[in-house]
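Residue numbers (my numbering): 1 to 315. Here a beta-carbon is modelled for each residue, glycine too, at the ideal position from N, C-alpha and C.
Have a look at this one:
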């Protein structure tokens, strides 16, 4: 029997997908940055053809250069902004991701955070647990239905969020790089104008340099004192310092946040705020979705191993 090819994993897949991966590859977990990683790459790098990454993995040009025989980087996530795709493409290395299989769970999380922030559900839970209900009712909150929903980024997940909004009778508009000819919803060519129009601004655009701090102080000011921000994209898209200032001053009404600029380190100032709902980057974190993502990652790697077209290439 031929030896299984070596594969470097930057982040272990869910158990069932990891078992599948090990059936076809000799999988090596990449050590943390430092001397141990340098020794690891010196030992395994010259012969590795396969890499399995995650949506949060950082795969810079220097790491790609240390793998002269690398042919594919399969990312277990829809986002791949941490991978230097240009450096990979220059070497003819294919990069894949896991679109579509996480759309529903991320859309569900979006509305969970929206309800959490606007109806103050985390605070309601604490209100009951701490016995405050015995002293009187909780303060009134803000309804979600019939509000205007602005979506920043109108790809697969953005469209799924828009579909969910129909159940809340929300009016939906969007902003992206270009107006989409096959989308009947209202389009704003300036993000600040979308923010001024909507009651809730959902961020679901890719991360990376091109979108860094796209949601800045001007956008938050336009969203206004009755507006809510929900970020289920990347922490880098929102100017976190400006967001904290806007929440503290009442420039906006509140926020639901699943992502942060320096995860898992969240600024403690958020913890003191009663107008935010916080989550630890769990947009796609269900057993069903993570299994589907892991399986698609393995399917892309096996397709390359067998000389078949990749299922979901991004370059």
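Exposed unless 16 or more other CB atoms sit within 10 angstroms - verdict on residue i
{"i": "residue 271", "result": "exposed"}
{"i": "residue 265", "result": "exposed"}
{"i": "residue 103", "result": "buried"}
{"i": "residue 84", "result": "buried"}
{"i": "residue 236", "result": "buried"}
{"i": "residue 334", "result": "Because the chain in this structure spans residues 1 to 315, residue 334 falls outside the shown range and cannot be described."}
{"i": "residue 48", "result": "buried"}
{"i": "residue 158", "result": "buried"}
{"i": "residue 129", "result": "exposed"}
{"i": "residue 349", "result": "A query on residue 349 cannot be resolved here, the shown segment of the chain reaching from 1 to 315 and no further."}
{"i": "residue 181", "result": "exposed"}
{"i": "residue 287", "result": "exposed"}
{"i": "residue 3", "result": "exposed"}
{"i": "residue 209", "result": "exposed"}
{"i": "residue 82", "result": "buried"}
{"i": "residue 247", "result": "buried"}
{"i": "residue 120", "result": "buried"}
{"i": "residue 88", "result": "buried"}
Residues of its chain near residue i, where Cβ-Cβ distance is below 6 Å and the 5 sequence neighbours each way are ignored
{"i": "residue 195", "result": "201, 219, 222, 223"}
{"i": "residue 116", "result": "122, 256, 277"}
{"i": "residue 154", "result": "174, 176"}
{"i": "residue 217", "result": "242"}
{"i": "residue 142", "result": "118"}
{"i": "residue 186", "result": "173"}
Of the residues the options, the one placed nearest residue i, counting alpha carbons only
{"i": "residue 227", "options": "233, 243, 212", "result": "243"}
{"i": "residue 291", "options": "25, 4, 13", "result": "13"}
{"i": "residue 316", "options": "125, 36, 155, 32", "result": "Nothing can be reported for residue 316, as the shown portion of the chain is limited to 1 through 315."}
{"i": "residue 254", "options": "78, 21, 72, 118", "result": "118"}
{"i": "residue 150", "options": "47, 134, 120, 163", "result": "163"}
{"i": "residue 206", "options": "18, 39, 65, 99", "result": "99"}
{"i": "residue 169", "options": "145, 189, 158, 178", "result": "145"}
{"i": "residue 315", "options": "68, 156, 152, 86", "result": "86"}
{"i": "residue 199", "options": "190, 142, 81, 147", "result": "147"}
{"i": "residue 114", "options": "283, 313, 136", "result": "283"}
{"i": "residue 225", "options": "249, 260, 213, 208", "result": "249"}
{"i": "residue 46", "options": "285, 189, 39, 67", "result": "67"}
{"i": "residue 21", "options": "311, 299, 245", "result": "299"}
{"i": "residue 156", "options": "142, 136, 183", "result": "183"}
{"i": "residue 197", "options": "212, 171, 213, 313", "result": "171"}
Under 9 Å between C-beta atoms of residue i and residue j
{"i": "residue 252", "j": "residue 229", "result": "yes"}
{"i": "residue 74", "j": "residue 109", "result": "no"}
{"i": "residue 295", "j": "residue 57", "result": "no"}
{"i": "residue 215", "j": "residue 239", "result": "yes"}
{"i": "residue 232", "j": "residue 160", "result": "no"}
{"i": "residue 55", "j": "residue 77", "result": "yes"}
{"i": "residue 234", "j": "residue 112", "result": "no"}
{"i": "residue 262", "j": "residue 280", "result": "no"}
{"i": "residue 260", "j": "residue 267", "result": "yes"}
{"i": "residue 189", "j": "residue 179", "result": "yes"}
{"i": "residue 191", "j": "residue 140", "result": "no"}
Close Cβ partners of residue i (< 8 Å) along its chain, the five nearest in sequence each way excluded
{"i": "residue 63", "result": "41"}
{"i": "residue 50", "result": "5, 6, 7, 8, 25, 70, 71, 72, 74, 301, 304, 305"}
{"i": "residue 212", "result": "236, 237"}
{"i": "residue 245", "result": "217, 251"}
Rounded Cβ spacing between residue i and residue j (contact assumed at less than 8 Å)
{"i": "residue 44", "j": "residue 8", "result": "7 Å"}
{"i": "residue 26", "j": "residue 6", "result": "5 Å"}
{"i": "residue 301", "j": "residue 52", "result": "6 Å"}
Neighbourhood of residue i by C-beta, 7 Å cutoff - its chain only, sequence neighbours within 5 removed
{"i": "residue 101", "result": "289, 292, 293, 296"}
{"i": "residue 37", "result": "30, 31"}
{"i": "residue 310", "result": "94, 96, 300, 303, 304"}
{"i": "residue 124", "result": "138"}
{"i": "residue 127", "result": "133, 138"}
Minimum Cβ-Cβ distance from residue i to chain C less than 9 Å
{"i": "residue 152", "result": "Chain labels in this structure do not include chain C; a single protein chain is all it has."}
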